[in-house]
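S.K.:
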Amino acid sequence: MKTIMSYFISQKKNIHKILFTLIIIFVYVIGTNIPVPCLDSKTYKAIKFWSSIRYQILNFGFGKDKTKFPFAILSLGVMPYITTSIILQLANKIVPFLKEWGEHGEKGKYKLNLFSRFITLILSFGYGLSITSQLKHNRLLSENTSLMQLKVTFFLVVGVFICIWLADLITAKGIGNGISILIAINISKEVYNTFNFLYAPPEDYALTIWSRCAILSYLLCLLVLTIILCSAYLKIPILYYTINVNKIHEAKIDKHIPFKISSAGVLPVILATSLMNMFDMISVFLSSNSNLKNIIDSYLSASKRPELGVSFFLYLSFILLFSVFSMFMVINPRDVTEHLSKQDAYIEGIKPGEETLHKITDELFKITLIGAIFLTLLAAMPDILNWFYKWFYDQNLPQNMQFGGTSLLIIVGVALECVQRMNTKTHLTSMYNKLF
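Residues 2 to 437 (this note's numbering) are what the sequence shown spells out, left to right.
(1) If we ignore side chains and look at the alpha-carbon of each, how far apart do Gly-106 and Ile-120 end up?
(2) Would Met-382 be called buried (16 or more neighbouring beta carbons within 10 Å of its own) or exposed?
(3) So, do the region 269 to 277 and the region 315 to 322 have three or more beta carbon pairs nearer to each other than 8 Å?
(4) What is the DSSP secondary structure of Leu-309, counted as helix, strand or coil?
(5) Would you list the residues sitting across from Ala-346 in a DSSP beta bridge?
(6) Taking the straight line between their C-alpha atoms, what separation do you get for Thr-22 and Gly-177?
(7) Using only the alpha-carbon positions, how far apart do Val-161 and Lys-367 sit?
(8) DSSP has Leu-235 in a bridge; who is on the other side?
(9) Can you tell which of Ser-212, Gln-135 and Asp-169 has the C-alpha that lies nearest to the C-alpha of Arg-118?
(10) Does the region 143 to 159 come within contact of the region 28 to 38, defined as at least 3 CB pairs closer than 8 Å?
(11) Would you report the Cα separation of Ala-373 and Ile-26, rounded to the nearest angstrom?
(12) Using the C-alpha atoms, what's the distance from Ser-327 back to Glu-364?
(13) If you reduce the DSSP assignment to three classes, tell me which class Pro-383 lands in.
(14) Mind checking whether Phe-375 and Leu-226 have CB atoms under 9 Å apart?
(15) Based on Cα-Cα distance, which residue from Ser-299, Ser-212, Phe-329 and Ile-283 lies nearest to Lys-261?
(16) With DSSP run on the structure shown, which of helix, strand or coil describes Pro-38?
(17) Could you give the first and the last residue of the continuous alpha helix (DSSP H) run that contains Pro-97?
(18) Runs of 4 residues minimum, wholly inside the region 323 to 376: which ones carry the alpha helix (DSSP H) assignment?
(19) For Leu-113 and Gly-129, which I take to be in contact (beta-carbon distance under 8 Å), what is that distance rounded to the nearest angstrom?
(20) Which residue or residues does DSSP assign as beta-bridge partners of Ala-73?
(21) For Pro-269, count the other beta carbons within 10 Å of its own beta carbon; 16 or more makes it buried, fewer makes it exposed. Which is it?
(22) Can you say whether Phe-393 is buried or exposed, counting buried as having 16 or more other CB atoms within 10 angstroms of its CB?
(23) With distances taken between CB atoms, is the gap from Pro-259 to Lys-294 smaller than 9 Å?
(24) In chain order, what residues of the same chain have a beta carbon less than 6 Å from the beta carbon of Ile-19, not counting five sequence neighbours either side?
(25) Could you check the C-alpha separation between Asn-424 and Phe-196 for me, to the nearest Å?
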């Protein structure tokens, strides 16, 4: 008992961090249920029952649980900020002044952060304006004027920066990455909705015991495969030449280079989703007689994805493309090769230099391709499941059940990251070994 008490006293600082993180999460959850101030209850009821509008609104964020308040002040979440981060990460390799800022230490980091906030503001305004344009077009605003549209957009933009502020607080004073945690919390509501639907389905969706068992088995398989995708990695064995102090003999120490099967995580899915959402955003600002608008609405809109048409396969193609591209952005084979040469290391049977570079590039491409295919299948599962359900029962799978592998991948990835950080900071494993 003394050991346990002394352990908790020594971990006082980390316990405060965990409690602080939980408080911020609680504040965020409350914020997702606060409606936009300038809209009345009639407007909310209209939005709730206007399924096509609701789908478009939910399509801009992570998670689909907006049934209570489908148009809350934090509806956009951190999606514009994530899109900005991805754009800057890609542009950092191409745009000279961004690359220069990245190499200028804290001063350059401050400039990049300020620039990213400015781009986030523009994107947030664009997302908000596209949503409110749909509301105005369908006469769902309490006052169908441009001023009311701008008011609602303003509150949505403010909501984005509140989310970013809360995420920064978690990163600075809590446990884990704030942005990742907020996304995971938003998505985790889908898990509750899924099990709630299985336990008490609506009258329109009478599920037999076998149907429920099949869905639970599907979710269990998704969970197992997601954990494998998050934790599996390839080991490339390397050897270090070390010479002892007296230089009597030469010894070899076996090591390896670990390459995760999915180092880019869900970045390709986020990027592909953002790109597909751009089509819907562009469509809002086009005239109803425009040929481009008709093409987007008929083939490229995200709402057409469950039909397994052009939008579906384009979405999967983007994920495959960005998976390969993102991996080589996260890991640079040339940097790995240079690091090996500096450490006086080599891959067994491979000459140092260009031959080592080719070997690492080939192995990285193979493991990336496996991870990309795996990630694409996970992303495709909800739409494929919905297609089969519609084929058998002649109706769409309810929104509560469209819980995909990529959502699970985010939750599992964030959970594993938080557990690892907590274990590192609190030395929980060593304490467990002492007790048991």
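For each residue, glycine too, the CB sits at the ideal point set by N, CA and C.
M.R.: Based on what the coordinates show:
(1) 21 Å
(2) buried
(3) yes
(4) coil
(5) Tyr-241
(6) 9 Å
(7) 38 Å
(8) Phe-260
(9) Asp-169
(10) yes
(11) 31 Å
(12) 16 Å
(13) helix
(14) yes
(15) Phe-329
(16) coil
(17) 97 to 103
(18) 334 to 343
(19) Not a contact, Cβ separation roughly 24 Å.
(20) Pro-36
(21) buried
(22) exposed
(23) no
(24) Ile-176
(25) 30 Å
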